[in-house]
Amino acid sequence: MAKRTTVEPLLWILFSAGGVVAALVIPVLLFLFGLAFPLGWLSLPSHAHMLAVLGHPLSRITIFVSCTLLLFHWAHRFRFTLYDGFQIKHLNGLIVIVSYGAVLVGTVAAGYIVWQLP
Amino acid sequence: MSGQPTHTPFHPRWYRPRVSTWWWLKRRSSLAFILREVSSIFVAWFVVFFLLLVAAVGRGEAAYQEFVRWAAHPGSVLVNLVSLFFVVFHAVTWFNLAPQAMVVRMRGKRVPGKLIAASNYGAWVVTSLLMAWIILAGSR
Numbered sequence: 005m006a007k008r009t010t011v012e013p014l015l016w017i018l019f020s021a022g023g024v025v026a027a028l029v030i031p032v033l034l035f036l037f038g039l040a041f042p043l044g045w046l047s048l049p050s051h052a053h054m055l056a057v058l059g060h061p062l063s064r065i066t067i068f069v070s071c072t073l074l075l076f077h078w079a080h081r082f083r084f085t086l087y088d089g090f091q092i093k094h095l096n097g098l099i100v101i102v103s104y105g106a107v108l109v110g111t112v113a114a115g116y117i118v119w120q121l122p
Numbered sequence: 445m446s447g448q449p450t451h452t453p454f455h456p457r458w459y460r461p462r463v464s465t466w467w468w469l470k471r472r473s474s475l476a477f478i479l480r481e482v483s484s485i486f487v488a489w490f491v492v493f494f495l496l497l498v499a500a501v502g503r504g505e506a507a508y509q510e511f512v513r514w515a516a517h518p519g520s521v522l523v524n525l526v527s528l529f530f531v532v533f534h535a536v537t538w539f540n541l542a543p544q545a546m547v548v549r550m551r552g553k554r555v556p557g558k559l560i561a562a563s564n565y566g567a568w569v570v571t572s573l574l575m576a577w578i579i580l581a582g583s584r
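Protein sequence lines, in the order shown, are assigned to chains S and U. Going by my numbering, the final residue of the first sequence carries number 122, and the count climbs one at a time with no gaps. Going by my numbering, the final residue of the second sequence carries number 584, and the count climbs one at a time with no gaps.
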């Protein structure tokens with residue numbers, strides 16, 4: 005059998021890494037910033053504290069890498085949901101381009117946002 | 445499929461039953477599979493939500509307060525509540541699957557799956573507590 009190199013294993017690794025990040029960090033952050041702080045269950049951290057936490061070089065790198073991995077995780081599952089779940093097979097090429105295009109846009113946005121933090 | 449069956453000469457006839465678009469509603473396990481796939485949309489939503497927060501913090505105190513006010517709108521709260529449900533569902537199923545994905549050997553013996561799942565849950569608890577502690581250290 006001829007050996008073919010595909011990008012699929014790499015995409016799967018990125019999907020998997022994103023899945024780990026999603027499972028470990030999203031629940032606590034979504035609980036705090038999506039529910040607990042807006043609804044006043046817990047008192048909101050000061051702006052200076054948030055700026056110090058998010059602006060730390062290690063945080064900036066972590067946020068950038070995590071966002072990229074999470075987007076790769078989304079893209080992988082999203083395109084297979086459309087492919088297997090909803091049987092949209094004839095548009096596969098377009099779906100792949102749109103999914104990974106969105107990953108690229110999100111990665112650039114994440115990089116810009118963490119870079120411009122004061 | 446209606447009409448006459450078509451034949452391919454010198455080739456067995458194709459047997460391709462039509463699969464319904466809603467095939468995943470027929471079994472609990474396939475419904476769970478699709479719900480897990482759908483959870484990825486809420487992962488993408490979290491990326492957008494979190495980056496909006498980071499951008500707001502970067503723009504200053506007023507923008508940060510404005511972001512929290514926006515997040516307190518019933519619509520935002522509802523979206524985040526649904527997202528939290530899906531993300532927790534993703535996390536639990538992901539950690540339960542970990543023993544199948546990670547084969548760890550120690551001194552030539554395979555580490556039991558329960559131990560691997562437990563260590564994943566442990567990592568989840570430690571990470572969550574650590575992040576909450578760092579963030580809440582700045583609460584007024």
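Here a beta-carbon is modelled for each residue, glycine too, at the ideal position from N, C-alpha and C.
State the start and end residues of the unbroken alpha helix (DSSP H) segment that holds residue i.
{"i": "residue 471 of chain U", "result": "Neither: residue 471 of chain U is in no alpha helix (DSSP H) and is coded neither H nor E."}
{"i": "residue 13 of chain S", "result": "12-34"}
{"i": "residue 58 of chain S", "result": "51-59"}
{"i": "residue 543 of chain U", "result": "518-545"}
{"i": "residue 120 of chain S", "result": "Note, residue 120 of chain S: premise wrong, no alpha helix (DSSP H); not H, not E."}
{"i": "residue 563 of chain U", "result": "557-580"}
{"i": "residue 508 of chain U", "result": "505-515"}
Assuming the contact rule is C-beta atoms closer than 8 Å, residue i and residue j should be a hit. Round their C-beta distance to whole Å, please.
{"i": "residue 107 of chain S", "j": "residue 75 of chain S", "result": "4 Å"}
{"i": "residue 121 of chain S", "j": "residue 44 of chain S", "result": "Rounded, the Cβ-Cβ distance is 26 Å, inconsistent with contact."}
{"i": "residue 564 of chain U", "j": "residue 542 of chain U", "result": "5 Å"}
{"i": "residue 27 of chain S", "j": "residue 538 of chain U", "result": "4 Å"}
{"i": "residue 85 of chain S", "j": "residue 114 of chain S", "result": "That pair is no contact at about 23 Å."}
{"i": "residue 83 of chain S", "j": "residue 70 of chain S", "result": "Going by Cβ atoms, the distance from residue 83 of chain S to residue 70 of chain S rounds to 21 Å, so no, they are not a contact pair."}
{"i": "residue 501 of chain U", "j": "residue 55 of chain S", "result": "6 Å"}
{"i": "residue 491 of chain U", "j": "residue 105 of chain S", "result": "Contact flag wrong, Cβ pair sits at about 15 Å."}
Just to confirm, are residue i and residue j a CB contact at a threshold of 8 Å?
{"i": "residue 483 of chain U", "j": "residue 530 of chain U", "result": "yes"}
{"i": "residue 4 of chain S", "j": "residue 46 of chain S", "result": "Here chain S comprises residues numbered 5 to 122, so residue 4 of chain S is not present and cannot be evaluated."}
{"i": "residue 527 of chain U", "j": "residue 494 of chain U", "result": "no"}
{"i": "residue 118 of chain S", "j": "residue 68 of chain S", "result": "yes"}
{"i": "residue 481 of chain U", "j": "residue 81 of chain S", "result": "yes"}
{"i": "residue 521 of chain U", "j": "residue 42 of chain S", "result": "yes"}
{"i": "residue 473 of chain U", "j": "residue 467 of chain U", "result": "no"}
{"i": "residue 523 of chain U", "j": "residue 48 of chain S", "result": "no"}
{"i": "residue 535 of chain U", "j": "residue 568 of chain U", "result": "yes"}
{"i": "residue 469 of chain U", "j": "residue 533 of chain U", "result": "no"}
{"i": "residue 77 of chain S", "j": "residue 38 of chain S", "result": "no"}
{"i": "residue 540 of chain U", "j": "residue 561 of chain U", "result": "yes"}
{"i": "residue 579 of chain U", "j": "residue 98 of chain S", "result": "no"}
{"i": "residue 19 of chain S", "j": "residue 465 of chain U", "result": "no"}
Strictly by DSSP, which residues pair up with residue i?
{"i": "residue 83 of chain S", "result": "In DSSP, residue 83 of chain S forms no bridge with anything."}
{"i": "residue 93 of chain S", "result": "For residue 93 of chain S, which the question treats as bridged, DSSP gives no partner whatsoever."}
{"i": "residue 583 of chain U", "result": "S/49"}
{"i": "residue 554 of chain U", "result": "U/549"}
TODO: Could you name the residues of the region 70-102 of chain S whose beta carbon sits closer than 7 Å to any beta carbon of chain U, in the order they occur along the chain?
DONE: 71, 74, 75, 77, 78, 81, 82, 84, 85, 89, 90, 91
Open item on the list: Closer than 7 Å between beta carbons: that is the criterion. Which residues of the region 51-72 of chain S meet it against chain U?
Closed with: 51, 53, 54, 55, 57, 58, 67, 71
Task: Against chain U: residues of the region 16-38 of chain S by CB proximity under 7 Å - done: 23, 26, 27, 28, 29, 30, 31, 32, 33, 34, 35, 36, 37, 38
- [ ] With 7 Å as the C-beta to C-beta threshold (strictly closer), list the residues of the region 499-511 of chain U near chain S in chain order.
- [x] 499, 501, 502, 505, 508
Task: Positions along the region 533-557 of chain U whose CB lies within less than 7 Å of some CB in chain S - done: 534, 535, 538, 539
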